[in-house]
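To start, the structure under review is shown below, and the notes come after it.
Residue numbers (the working numbering), protein chains in the order written: chain G, 1 to 342; chain U, 343 to 894.
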């Protein structure tokens with residue numbers, strides 16, 4: 001029996017995901033500008049792996065392949081994971097991470113819409129726990145006076161593990177700005193001294209701060225296109241700002257200013273692309289604030305006091321666990337039952 | 343100028359209204375037959391009071407209202423009753439219902455009728471006239487107006503007249519307001535009188551400037567006091583009674599609460615018009631304005647005799663050949679008609695001829711990604727994604743905890759869903775399952791009560807019998823004692839009586855245990871179905887009575 005409503009908007013999951021992918025492009029373009037085109041290789045590898053894994057899992061689960069493969073959700077997971085790990089890494093690193101993200105953290109939980117954890121972040125967590133060394137070799141930004149690798153040299157390293165003669169991996173990579181900050185603070189340098197090191201730019205790490213701005217631009221597009229709402233990004237950034245601000249004000253000799261945290265690591269990517277994954281974030285407005293604020297606080301704590309280079313992934317996963325509880329606790333009052341009203 | 347309010351949520355589907363407002367309301371031709379359902383109103387089906395073969399006059403009552411919540415059904419034209427039987431009707435259940443089929447004789451001969459001056463007539467009399475005229479809410483809920491036009495113990499401050507007409511395609515109220523504003527306002531005055539309401543606020547969506555202008559002009563000419571036409575922003579579902587009340591008064595009426603408890607009553611503009619015709623002219627509700635639109639040559643509004651078969655009506659607008667289905671009502675909340683031969687009823691505001699081009703089949707349903715676009719547009723401020731989850735999992739308790747029954751099935755959630763999930767279907771499914779289970783448990787409870795009472799009664803009877811027997815024997819013993827043949831001590835005697843009583847009781851108990859009550863257990867499926875149906879009817883009537891101010 002055909003039943004009402006008989007009309008619907010033309011929007012679709014595939015279109016929503018596609019727009020999110022589009023919104024990543026400014027960040028990716030800046031990534032290429034500052035770090036060379038290796039990121040394209042890892043995005044391509046991740047995309048192929050994601051689609052292949054998705055198709056295989058759908059087949060195993062007896063689900064129609066075409067409509068799910070074209071929903072673009074696997075591609076989004078792939079891109080987010082590729083953007084979260086070092087581009088100059090053996091090819092199998094991204095392949096293993098993506099395959100795990102799609103097969104285990106997405107399909108074993110029931111596929112699209114049923115995964116409690118953000119698949120890209122699960123992929124990241126698996127990689128950083130299993131292959132921590134590969135996860136620390138980040139490319140040095142171009143024009144930093146170091147040796148630059150050409151595209152073919154980057155590709156050769158990714159697939160064959162061979163660097164041009166006379167070069168070591170350490171010569172072309174570095175720790176992330178967040179890691180550098182942490183290490184140097186341990187060496188009793190002041191934040192001021194550290195910030196004057198050549199790898200740092202205006203706000204945070206040279207190059208990476210620009211990528212963060214690129215992601216923020218894409219995120220603002222998503223807000224205007226009404227793909228995401230402001231609650232999650234604003235609550236996350238505010239919480240990260242407030243937490244880092246408190247530490248900074250308490251002891252500027254040991255802690256850096258909030259803006260550094262905004263534009264370091266995956267903060268901007270998290271604010272607009274990771275924690276805004278609707279499947280793994282709360283549905284209520286109040287819940288969104290609690291969730292995003294929680295991710296913000298934990299991100300800071302893990303960054304500053306934890307052993308990992310960034311805190312976004314673990315903070316997100318920890319708050320993902322809490323989503324059902326947060327939703328249950330923050331159910332809004334319905335029409336006419338708000339009490340106290342007229 | 344009054345300040346207006348907003349309700350949360352809502353959607354803006356393409357309105358498709360201009361197609362059917364290009365020409366004036368046209369009198370639809372008298373059809374070859376009239377299929378008039380006896381249950382065109384909320385409440386109890388009216389009872390047929392004519393015979394097959396009988397000639398009836400236009401306006402003659404052919405269905406007598408039964409019970410308090412009911413409305414009369416009339417012959418919409420003069421003619422011969424050709425059948426009284428079950429026919430497919432324009433109802434979402436898709437089930438056949440009792441209809442009177444009338445073959446019009448073409449004379450359109452009226453029964454004697456005359457109006458009254460409502461100011462000189464007692465209110466109870468006016469309400470009775472409305473009931474006999476079959477006046478019900480014409481916005482879709484078809485709730486008998488005589489019941490609604492009674493303020494009961496609540497003081498009605500505001501009467502809202504609903505001319506919002508928020509559903510796409512439908513323009514019958516729009517055209518009625520444009521062409522018959524005077525009578526609508528007179529009807530509003532009549533209803534206000536019955537409610538002792540202080541003010542009347544008429545809400546019309548701002549995409550109907552002609553209707554707003556016509557109503558305002560009529561308002562000025564008629565020198566109506568404390569009556570105002572308010573242009574409200576076009577957003578679906580602003581025409582839901584509770585949404586419109588919220589927009590115009592700021593008052594939120596929760597689900598399960600009558601708006602009258604908050605001092606507001608709401609009528610549709612067409613209801614006010616029909617009430618006026620019924621009281622001032624003695625004309626029962628025999629016809630209504632129906633928008634014919636969609637896949638037709640010339641979309642238009644028709645003044646249609648109730649009972650007119652949909653296919654005969656739609657032919658007058660020029661049906662296009664690739665029409666596949668007919669939607670009664672709008673595309674958001676309408677009903678897919680089970681057949682094109684069903685008769686137009688009091689609830690038929692619009693018929694949309696649907697072709698696959700105009701209404702393409704929905705794309706494949708994908709999993710919910712919890713994007714909450716549904717929650718953003720839900721006017722009841724529910725969490726549709728959670729309700730969907732619970733309905734799908736048959737977790738009905740949780741669905742009720744999440745206010746499933748506050749859902750007004752407006753369809754806004756499904757309209758925006760990027761996964762194309764037919765959300766409203768899931769809610770309807772959950773609601774009907776919950777109702778069915780409640781009825782089952784009520785039936786079981788009733789059966790248990792009956793069973794227990796029967797056991798109690800049987801035991802009581804046995805006990806009484808035993809006592810009587812014992813007393814009788816005692817009496818005979820007493821006479822025997824008087825002639826002392828068998829000397830027995832009084833103690834012995836008492837003991838024997840006691841024994842006998844106990845034995846009788848034991849027998850009674852045994853019998854009661856052996857005698858399973860026949861009327862409550864081991865029922866045939868048919869009997870069970872009958873019981874369930876009776877309970878359902880009772881529950882429905884109860885529900886209808888208790889939700890008196892349901893959406894107009």
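Glycine included, every Cβ here is placed at the ideal spot set by N, Cα and C.
Give the interface partners of residue 2 of chain G over in chain U, defined as CB-CB distance under 7 Å, in chain order. 667, 678
Inside the region 177–239 of chain G only - alpha helix (DSSP H) runs reaching at least 4 residues: 177–186, 191–195, 208–224
From G:91, G:12, G:102, G:11, pick the residue whose C-alpha is nearest to that of residue 50 of chain G; which is it? G:102
Out of curiosity, what's the CA-to-CA distance linking residue 669 of chain U and residue 676 of chain U? 6 Å
Report yes or no: is there a C-beta of chain G within less than 8 Å of the C-beta of residue 909 of chain U? Nothing about residue 909 of chain U can be read from this structure; chain U reaches only from 343 to 894.
Decide yes or no for the touch test of the region 447–465 of chain U against the region 399–417 of chain U: beta carbon pairs closer than 8 Å, at least 3 of them. yes
May I have the straight-line CA-CA distance separating residue 479 of chain U from residue 709 of chain U, to the nearest angstrom? 39 Å
Compare the C-beta of residue 748 of chain U against all C-beta atoms of chain G and say whether one is closer than 8 Å. yes
As a quick exercise: from G:37, G:194, G:219, G:189, pick the residue whose alpha carbon is nearest that of residue 21 of chain G. G:219
Does any C-beta atom of chain U lie closer than 8 Å to the C-beta of residue 316 of chain G? no
Using 8 Å for Cβ pairs, my map puts residue 692 of chain U next to residue 613 of chain U. What's the rounded Cβ distance? Wrong, their Cβ atoms sit about 16 Å apart, outside the cutoff.
Is the beta carbon of residue 502 of chain U closer than 8 Å to that of residue 586 of chain U? yes
Hey, out of U:619, U:815, U:417, whose CA is closest to residue 914 of chain U's CA? What is shown of chain U runs 343 to 894, which leaves residue 914 of chain U out entirely.
Is the Cβ-Cβ distance between residue 719 of chain U and residue 352 of chain U less than 8 Å? yes
Would you decide whether residue 381 of chain U is buried or exposed? Buried here means 16 or more other CB atoms lie within 10 Å of its CB. buried
In chain order, each alpha helix (DSSP H) run of at least 4 residues that lies wholly inside the region 88–119 of chain G: 91–100
Do you know how far the Cα of residue 788 of chain U is from the Cα of residue 859 of chain U? Its pLDDT being 48, under 50, residue 859 of chain U is placed unreliably in this model, and the value from its coordinates should be taken loosely. If you take the alpha carbons of residue 859 of chain U and residue 788 of chain U, they lie about 13 Å apart.
Does the CB of residue 860 of chain U have a neighbour CB from chain G at under 8 Å? In this predicted model, residue 860 of chain U has a pLDDT of only 48, less than 50, meaning its place in the structure is not dependable enough to derive any value.
Is residue 765 of chain U helix, strand or coil when you go by DSSP? helix
Three or more beta-carbon pairs under 8 Å between the region 303–323 of chain G and the region 735–755 of chain U, yes or no? no
Contained alpha helix (DSSP H) runs [length at least 4] in the region 623–708 of chain U, N- to C-terminal order: 652–657
Report all residues from its chain with a CB closer than 7 Å to the CB of residue 571 of chain U; omit the five preceding and five following residues, and keep chain order. 544, 546, 554, 557, 558, 561
Please report how far the alpha carbon of residue 694 of chain U lies from the alpha carbon of residue 514 of chain U, in whole angstroms. 13 Å
Tell me, to the nearest whole angstrom, how far the beta carbon of residue 81 of chain G is from that of residue 273 of chain G; I am working on the premise that it is less than 8 Å. So it is not a contact: roughly 11 Å between Cβ atoms.
In chain U, which residues lie less than 8 Å from residue 278 of chain G when you measure between Cβ atoms? 711, 712, 713, 714
Kindly list the residues whose CB is nearer than 6 Å to the CB of residue 270 of chain G, restricted to its own chain and excluding five residues on each side of it in sequence; keep chain order. 312
Shorter than 7 Å, the distance from the beta carbon of residue 451 of chain U to the closest heavy atom of the ligand PLP, or not? What this structure holds is no ligand at all, so the ligand PLP is not there to describe.
Taking the alpha carbon of residue 713 of chain U as the point to measure from, which residue in G:334, G:284, G:322 has its own alpha carbon closest? G:284
Give a yes or no on whether the minimum CB-CB distance between residue 437 of chain U and chain G is below 8 Å. no
Proximal residues to residue 434 of chain U (C-beta, below 6 Å), its chain only, five neighbours per side dropped: 677
Just to confirm before moving on: does the CB-CB distance between residue 642 of chain U and residue 657 of chain U stay below 8 Å? no
Kindly indicate which residue of U:645, U:755, U:739 has the alpha-carbon position closest to the one of residue 725 of chain U. U:755
With distances taken between CB atoms, is the gap from residue 653 of chain U to residue 696 of chain U smaller than 8 Å? no
Alpha carbon to alpha carbon, what distance is there between residue 348 of chain U and residue 336 of chain G? 13 Å
Below 8 Å between beta carbons: does that hold for residue 142 of chain G and residue 215 of chain G? no
Extract the residue ranges of the beta strand (DSSP E) inside the region 347–411 of chain U, only unbroken runs of 3 or more that lie entirely within it. 376–379, 403–406
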